[in-house]
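Below is one structure, written out as structure tokens; comments come after it.
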Amino acid sequence: MYRISNFQIYCLMVVLVAPIAILEQPKRLIGLTHHNAWLACLATIIPGYLLIKMFSYIIRKSHNPFPYLLEEYLGKLGGRLLSFVYVLVFIFTASFTLSIFVNFIITNVLTNTPISVLIAPLLFVGYVIIKTGFQSFARLCEIIVIVGLPGTFMLILLACFQNIDIANLLPIGYTDIKDFRDAVASTTSILGRLFPILTIAYFSNNPSKVDSVLVKVMFTYIAVILAPSIIITLIYGGFAGKMLVFPVFSLIRLVDIGKFITNIDILFIGIWITGIIASLTLFWYMACFTSQQVFNLKEYGFLAAPTSLIIGVLALMMGPNILILDTINRTFIILVYLLFFIMIPFGIFIMALFKPDKPIDTSSNSIEPTVIM
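Every number in my numbering is 15 more than the matching position in the sequence shown, counting from 1.
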């Protein structure tokens, strides 16, 4: 069975959280905490670090990767039933990720374009990636992060050349405690998307370092939402910023340096679409991989085609317009993340506390080399 490097794991985890967060989290944080959105970003470090330690502990105590580890703690029947529920959750998450992107495009770039015209090519690319194999996908994510992450920071920081007002950050810490709590919970819930590490960590060529990799991912995620939150506040202010539908995109559209560097928003879209496809595909892969275990299949590759139809139809149903999608985004999706990616793993973590320490069995017969194509 092949191994992937810890840097590839880092890249896989970054594409899970960064692309979806950079577009939606600054708006949500500014809407709740206004000019103190950056404080909510920094406060996420504490629950985020605890979440990462929880995932790391489950990995260290479990013999098998998810979804096999569910049978270790819940028995065969309970593990299989919960695994099937997770298949639905992964499909829903993939559909939500896809819907967020296509609604952004038809709202800001290709107005009056049918959603299906955008969904079909994105699903086709994801289908090709899954059929190509997970190892090739990991290499692709390396390229996406190496190019996309610095490019994103560069585009955001270029907005600093616009008129900014430091006074927009004042008064520091003056915010409602409940809103601040909700902002931190929202930001932390996105880190729950790191849940696939419970599978991917077992293919690391250096499992003992996965914990430090996750810490790096967390700080990358914090930086990705902290930078635009501060700059948006400096330029628009806390109250005006929350009125923007996509604050980061509006920020990048402002960039105008010497009447020479303008209209760079197309670069952001080009970078972001690669990250969204990678994020969508990884949850799609998890749905196929988990289905393989639930139904005792020899391989998962043939599931990519039928699940693509389900993901596409759900994406169409989820986002006929940006208002419906925004309602789902502000309420339902956070509950899904908190329940399935944080609370249920926390229950497994509690059970793992009473298991004796055992080394990770990366050669377990639960995983055959043909599982990862």
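Every residue, glycine too, gets a C-beta built ideally from N, C-alpha and C.
Just so we're clear, the structure is a prediction, and the values are computed from it rather than from any experiment.
Legend entry - Where the alpha helix (DSSP H) containing Pro-360 begins and where it ends: It spans 359-367 - the alpha helix (DSSP H) in which Pro-360 sits, taken as one unbroken run.
Legend entry - Candidates Ile-288, Leu-138, Gln-150: closest to Leu-331 by CA position: Leu-138
Inset, instruction - Report, in whole angstroms, the separation of the C-beta atoms of Thr-48 and Ala-198, which I expect to be a contact under 8 Å. - result: 5 Å
Legend entry - CB of Tyr-25 within 7 Å of CB of Val-328, strictly: No.
Legend entry - Integer-rounded CB distance, given that His-50 should sit under 8 Å from Leu-184: 6 Å
Legend entry - Range covered by the alpha helix (DSSP H) that runs through Pro-9: Limits of the chain in this structure are 16 at one end and 388 at the other, which puts residue 9 out of reach.
Inset, instruction - Mind listing, in chain order, the continuous alpha helix (DSSP H) runs of no fewer than 4 residues lying wholly within the segment 62-99? - result: none
Inset, instruction - With DSSP as the reference, label Ser-20 as helix, strand or coil. - result: coil
Legend entry - Pro-371 versus Leu-27: straight-line alpha-carbon distance, rounded: 30 Å
Legend entry - Start and end residues, alpha helix (DSSP H) containing Pro-142: What sits at residue 142 in the sequence shown is Tyr, not Pro. Where Tyr-142 is concerned, the enclosing alpha helix (DSSP H) stretches over 130-147.
Legend entry - Residues bridged to Ser-219 (per DSSP): According to DSSP, Ser-219 bridges with Ile-19.
Legend entry - Straight-line gap, Cys-56 to Ile-240 (C-alpha atoms, nearest Å): 7 Å
Inset, instruction - In the DSSP assignment, find the alpha helix (DSSP H) that holds Phe-283 and state where it starts and stops. - result: 280-309
Legend entry - Euclidean distance between Cα positions of Ser-131 and Thr-59: When rounded, the separation of the alpha-carbon atoms in Ser-131 and Thr-59 is 36 Å.
Legend entry - Proximity of Ile-74 and Phe-218 at Cβ, strictly below 7 Å: no
Legend entry - CA nearest to the CA of Ile-106, picked from Phe-347, Leu-324, Pro-62: Leu-324
Legend entry - 7 Å Cβ shell around Lys-146 - same chain, five flanking residues per side excluded: Gly-316, Ala-319.
Inset, instruction - State yes or no: is the C-beta of Ile-291 within less than 7 Å of the C-beta of Phe-116? - result: In this structure, Phe-116 lies closer than 7 Å to Ile-291 by Cβ.
Inset, instruction - Decide if Gln-23 is buried, meaning its Cβ has at least 16 other Cβ atoms within 10 Å, or exposed. - result: buried
Inset, instruction - Can you grab the Cα-Cα spacing for the pair Ile-281 / Pro-262, in whole Å? - result: 15 Å
Inset, instruction - In angstroms with no decimal places, state the Cα-to-Cα distance between Ile-326 and Leu-340. - result: 15 Å
Legend entry - Proximity to Ser-98 [Cα-Cα], best of Pro-222, Val-309, Cys-175: Val-309
Inset, instruction - Counting only the same chain and skipping the five closest in sequence on each side, list residues whose C-beta sits under 7 Å from that of Asn-123. - result: Phe-261, Phe-264
Legend entry - Residues near Leu-213 in its chain [Cβ-Cβ closer than 7 Å; skip 5 each side]: Excluding positions up to five away in sequence, the list reads Phe-70, Ile-73, Ile-74, Pro-80, Phe-81, Leu-84.
Legend entry - Euclidean distance between Cα positions of Lys-91 and Ile-45: 45 Å
Inset, instruction - Pull up the distance between the alpha-carbon of Trp-53 and that of Ile-171, whole angstroms please. - result: 15 Å
Inset, instruction - Taking the CB atoms as reference points, tell me whether Ile-144 and Thr-322 lie closer together than 7 Å. - result: no
Legend entry - Buried or exposed (CB count within 10 angstroms, at least 16 for buried), Lys-313: exposed
Inset, instruction - Using beta-carbon positions only, say whether Thr-305 and Tyr-64 come within less than 7 Å of one another. - result: It is not a contact, given that the beta carbons lie outside the stated cut-off.
Inset, instruction - Provide the residue span of the alpha helix (DSSP H) that contains Lys-313, from first to last. - result: Element bounds for Lys-313: n/a, residue is neither H nor E.
Inset, instruction - Assuming Ile-134 and Ile-179 form a contact by the criterion Cβ under 8 Å, report the distance between their Cβ atoms to the nearest whole angstrom. - result: The Cβ separation is near 38 Å, so there is no contact.
Inset, instruction - Out of Met-301, Pro-129, Val-270, Val-29, state which residue places its alpha-carbon closest to the alpha-carbon of Leu-173. - result: Val-270
Legend entry - Opening and closing residue of the alpha helix (DSSP H) in which Met-258 lies: Here Met-258 belongs to no alpha helix (DSSP H), and DSSP marks it neither H nor E.
Inset, instruction - Name the residue from Ile-187, Ile-284, Phe-364, Leu-353 whose alpha carbon lies nearest to the alpha carbon of Gly-163. - result: Ile-284
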